[in-house]
Amino acid sequence: MNKEYFFYILFAVLSTILNYLVQISIDFFFTIINIPIFLHYFYGSINTAFCIKIFSATLIAFVFKYCVDKIIIFKIKNDSAVNTNSTMILLYTIFAVFTTLIFWTTQLLFRLYIGFEYIGMIIGLTIGYTIKFLLDRKYVFVRGNYGNENE
Numbered sequence: 421m422n423k424e425y426f427f428y429i430l431f432a433v434l435s436t437i438l439n440y441l442v443q444i445s446i447d448f449f450f451t452i453i454n455i456p457i458f459l460h461y462f463y464g465s466i467n468t469a470f471c472i473k474i475f476s477a478t479l480i481a482f483v484f485k486y487c488v489d490k491i492i493i494f495k496i497k498n499d500s501a502v503n504t505n506s507t508m509i510l511l512y513t514i515f516a517v518f519t520t521l522i523f524w525t526t527q528l529l530f531r532l533y534i535g536f537e538y539i540g541m542i543i544g545l546t547i548g549y550t551i552k553f554l555l556d557r558k559y560v561f562v563r564g565n566y567g568n569e570n571e
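Counting in the working numbering, the sequence shown runs from 421 upward without gaps.
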């Protein structure tokens, strides 16, 4: 296993922990406030609070993971060219949406059919992060495209 992939997995684990902590914090918050609109079930065990927590946790983990991937994992130097950063962020976001759908679907299926939502979260994130690493390395953080020719 190469060093780049090892650190990617290490930070993916940290991002998974961050995602989990945000989700349980939001669960705790909604339990305390107990406002009926957030507890309204619209399909099986899926309610508004579930959608808010999974979206919020994903957004926070996305920002954390993008910064770590760019700076620490793939060692991309800050580039003042807006189009370069915009392209990188756009590709990263497209791949993140694709792999997030894998994660969300897995967590949702585990919640609905097995009852172990957080096991589904771990499995979905593991599959998603593995695919994401391969896509990011090949298409997003390509050495030489962002001022890293000498690394």
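From the three backbone atoms N, C-alpha and C, an ideal C-beta is built for every residue, glycine too.
Quiz item: Smallest Cα separation from Tyr549: which of Ile446, Phe431, Ile539?
Solution: In the sequence shown, the residue the question calls residue 549 occupies position 129. Comparing Cα positions, the closest option is Phe431.
Quiz prompt | Where Asn439 falls, given that 16 or more other Cβ within 10 Å makes a residue buried | solution = By 1-based counting over the sequence shown, the position of residue 439 is 19. Answer is buried; the Cβ neighbour count reaches 16.
Quiz item: Are the segment 544-560 and the segment 517-524 in contact at 8 Å, needing three or more beta carbon pairs?
Solution: yes
Quiz item: Between the Cα of Tyr559 and the Cα atoms of Ile539, Arg531, Phe494, which residue gives the shortest distance?
Solution: Here residue 559 is taken as the residue at index 139 of the sequence shown, counted from 1. The option with the nearest alpha carbon to Tyr559 is Phe494.
Quiz item: Taking the Cβ atom as the reference point for each residue, do Ser465 and Val442 lie within a distance shorter than 8 Å?
Solution: For the purposes of this step, residue 465 is taken as the residue at position 45 of the sequence shown. For the purposes of this step, residue 442 is taken as the residue at position 22 of the sequence shown. For Ser465 and Val442, no; Cβs fall outside 8 Å.
Quiz item: Where do the ends of the alpha helix (DSSP H) carrying Asp447 lie?
Solution: Taking the sequence shown and counting its residues from 1, one reaches residue 447 at position 27. Counting along the chain, the alpha helix (DSSP H) containing Asp447 begins and ends at 423-453.
Practice problem: For Glu537, collect the residues of the same chain with a Cβ closer than 7 Å to its Cβ; drop the 5 residues on either side in sequence, then sort them by chain order. | Solution: Taking the sequence shown and counting its residues from 1, one reaches residue 537 at position 117. Counting only Cβ-Cβ distances below 7 Å, and skipping sequence neighbours, we find Gln527, Phe530, Arg531.
Practice problem: For the alpha helix (DSSP H) holding Phe553, just list the boundary residues, first then last. | Solution: Taking the sequence shown and counting its residues from 1, one reaches residue 553 at position 133. Note, Phe553: alpha helix (DSSP H), 537-555.
Quiz prompt | Pick from Ile539, Ile492, Thr520 that is closest to Phe561, judged by C-alpha positions | solution = Along the sequence shown, read from residue 1 onward, the residue named residue 561 stands at position 141. Closest by alpha carbon: Ile492.
Quiz item: Can you list, in chain order, the residues of its chain whose CB lies under 6 Å from that of Val517, leaving out five sequence neighbours each side?
Solution: Your numbering for residue 517 matches position 97 in the sequence shown. So the list is empty, once near-sequence residues are dropped.
Quiz item: Helix or strand or just coil, what does DSSP make of Ile496?
Solution: As a first step, residue 496 must be located in the sequence shown, where it is residue number 76. Looking at Ile496 - three-state DSSP - the assignment turns out to be coil, as it is neither helix nor strand.
Quiz item: Between Phe484 and Ser435, which are expected to be in contact by the criterion C-beta below 8 Å, what is the C-beta distance as a whole number of angstroms?
Solution: Within the sequence shown, residue 484 is the residue found at index 64, counting from 1. Within the sequence shown, residue 435 is the residue found at index 15, counting from 1. The Cβ separation is near 6 Å, so the contact holds.
Quiz item: Is it right to say Ile534 is buried, meaning 16 or more other beta carbons lie within 10 angstroms of its own, or is it exposed?
Solution: Along the sequence shown, one-based indexing puts residue 534 at 114. Counting Cβ neighbours within 10 Å, Ile534 comes out exposed, since fewer than 16 surround it.
Practice problem: Can you say whether Thr451 is buried or exposed, counting buried as having 16 or more other CB atoms within 10 angstroms of its CB? | Solution: One-based indexing of the sequence shown puts residue 451 at position 31. By the neighbour-count rule (16 or more Cβ atoms within 10 Å), Thr451 is not buried but exposed.
Practice problem: Give the straight-line distance between the Cα atoms of Ile429 and Asp489, rounded to the nearest whole angstrom. | Solution: As a first step, residue 429 is located in the sequence shown; it is residue number 9 there, counting from the start. As a first step, residue 489 is located in the sequence shown; it is residue number 69 there, counting from the start. Going by the C-alpha atoms only, they are around 11 Å apart.
Self-check item: CB of Thr519 within 8 Å of CB of Lys552, strictly
Solution: One-based indexing of the sequence shown puts residue 519 at position 99. One-based indexing of the sequence shown puts residue 552 at position 132. Taking 8 Å as the Cβ cut-off, Thr519 and Lys552 qualify as a contacting pair.
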